[in-house]
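In full-length UniProt numbering, the protein residues as written are 1 to 533.
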């Protein structure tokens, strides 16, 4: 079976900005993540991500890795504060930032790699957060549109695939509800809904700007990338569990996709949040409403739908009384469960449940009229203490998840492309460097941030060259050969942490011990001589 239909883009690996670019090089302004990551206790081990994998300085090297993997397209994001340090087009355009992305795009095209560009991967200019309250303020809609319009004008003659927002759910909920992500605000029960409301309107405005001003000349497409885990009922015969499972998906994927495709929020969100708001004595729902004009403006603003998917949860009905306070999570009236038998090699939230992927894709097909889908994120991590380049769990994850996607394509789901997460190990937001999603291992301690291919690199290359899975015997041989290729590098790297420790012992501990020995010997000799005298 073929992995994609004819005319598809192929298989890229993703590259977000804060996770790869340094803080304020070459005129870049501060982003909310630059500020947030420097607050003590916000990031695991207090990592800042200032250097990360040094992707800003290693463009040619990383493109060589992409080319070697035979990737024919590559997704990356443009940093808003790198282009507009003060957030506003009217203030200052950083031409060095423009030049950086010009060079990146040109080098990709020279190597026959199609760029797919994300306009917002969570790096709001800090000045807009300080001055206006960030996405809590509707003025962000216009400011983001100005930034996007500038990008269309400068890069659109070469970029034909645009993504407005990457995973706006996390930006809204973890940024303005739980405070786990930048800007770290905890506006329980309202902050996430307001931020998401403004992001949806911003997406629609940008889509219309491209549609009216650029599409006829540039012939490109504009979509959005939404993170969506699958929710499976604990008891499929229990109606309450079944309804709770659908509610789980509607409060994440549907929150953004339903307005974009149908013009308004899912009815279940309006019902549940409205009822809980009334029980709390509020005159209006905590979920903002769209005007009739806004609904018409938002409806249909999607040339393709990006889907980021990693895992699945079992869902059961659970009532949360309004007296317990308001939040996005209690508004849903459900509980999330996991099967302890599910593999979980890295992130505590990421369990490998491949069968949920097919069900999610079919849900999108049924719910939204079978839109054109690009899988924009899919992958698995390991903890940073792991230096094993023979990442069999990642190869297994890719095999099983891609296979479920192939089944969905057979079901009639219009999947056009697949993106692995991610090319390199990098700064993983609030987890810092404690998790590794990369196909390439990055030695963060080395000055040059050296890259080492994991076994999954060779395995993934085979999937690409075969455009799928030919037969079980051949696929097993891929895994065996991929594991063989990583052995020598794996032994070297696995020994490296111990070697570094031994070097430290040699350079610091041994001289100290030797010095103490000399001093003690001198003192002993002095007392001995005094005794004789």
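The beta-carbon is built from N, C-alpha and C at its ideal position, and this holds for glycine as well. Remember, it's a predicted structure, so these values are computed and weren't measured experimentally.
Taking the C-alpha atoms as reference points, what is the distance between residue i and residue j?
| i | j | result |
| --- | --- | --- |
| residue 91 | residue 146 | 12 Å |
| residue 376 | residue 102 | 23 Å |
| residue 451 | residue 444 | 9 Å |
| residue 35 | residue 126 | 7 Å |
| residue 441 | residue 68 | 16 Å |
| residue 417 | residue 282 | 45 Å |
| residue 401 | residue 131 | 43 Å |
| residue 259 | residue 356 | 24 Å |
| residue 207 | residue 302 | 7 Å |
| residue 296 | residue 194 | 19 Å |
| residue 61 | residue 25 | 19 Å |
| residue 468 | residue 462 | 9 Å |
| residue 4 | residue 155 | Because residue 4 sits at a pLDDT of 43, beneath the cut-off of 50, its placement in the model cannot be relied upon, and the point is left open. |
| residue 483 | residue 120 | 37 Å |
| residue 298 | residue 289 | 13 Å |
| residue 111 | residue 72 | 9 Å |
| residue 334 | residue 317 | 5 Å |
| residue 171 | residue 263 | 21 Å |
| residue 134 | residue 140 | 7 Å |
| residue 271 | residue 33 | 34 Å |
| residue 236 | residue 339 | 16 Å |
| residue 474 | residue 424 | 27 Å |
| residue 274 | residue 203 | 25 Å |
| residue 209 | residue 150 | 11 Å |
Starting from the C-beta of residue i, find all residues in its chain whose C-beta is less than 6 Å away, skip the five residues before and the five after it, and write them out in chain order.
| i | result |
| --- | --- |
| residue 435 | 346, 347, 381, 428 |
| residue 314 | 232, 234, 337 |
| residue 82 | 28, 97 |
| residue 394 | 380, 456 |
| residue 343 | 352 |
| residue 186 | 179 |
| residue 458 | 482, 485 |
Output yes or no for whether 7 Å exceeds the beta carbon distance between residue i and residue j.
| i | j | result |
| --- | --- | --- |
| residue 280 | residue 322 | yes |
| residue 198 | residue 138 | yes |
| residue 214 | residue 152 | yes |
| residue 354 | residue 294 | no |
| residue 247 | residue 268 | yes |
| residue 230 | residue 360 | yes |
| residue 159 | residue 222 | no |
| residue 191 | residue 182 | no |
| residue 216 | residue 163 | no |
| residue 307 | residue 228 | yes |
| residue 59 | residue 124 | no |
| residue 253 | residue 310 | no |
| residue 368 | residue 251 | no |
| residue 437 | residue 374 | no |
| residue 391 | residue 454 | yes |
7 Å is my cut-off, CB to CB: does residue i come that close to chain D?
| i | result |
| --- | --- |
| residue 344 | You won't find chain D in this structure, because it holds only one protein chain. |
Please go through the same chain and pick out, in chain order, the residues whose beta-carbon is closer than 7 Å to the beta-carbon of residue i, but skip the five residues on each side of it.
| i | result |
| --- | --- |
| residue 108 | 63, 74, 115 |
| residue 534 | Here the chain comprises residues numbered 1 to 533, so residue 534 is not present and cannot be evaluated. |
| residue 330 | 320, 324 |
| residue 143 | 87, 88, 128 |
| residue 276 | 322, 326, 331 |
| residue 219 | 160 |
| residue 242 | 233, 236 |
Spatial neighbours of residue i within its chain, please: CB distance less than 8 Å, with the 5 preceding and 5 following residues excluded, ordered by chain position.
| i | result |
| --- | --- |
| residue 106 | 158 |
| residue 362 | 408, 411, 413 |
Length at least 3, wholly inside the stretch 360 to 444: the beta strand (DSSP E) runs in chain order: 373 to 377, 415 to 418, 440 to 442
Kindly provide the ranges of any alpha helix (DSSP H) runs that are 4 or more residues long and lie completely inside the stretch 281 to 345, ordered along the chain. Along the stretch 281 to 345, the alpha helix (DSSP H) occurs as fully enclosed runs of 4 or more residues at 292 to 298, 328 to 331, listed in sequence order.
What are the complete alpha helix (DSSP H) segments, minimum 4 residues, inside the stretch 136 to 162? 139 to 155
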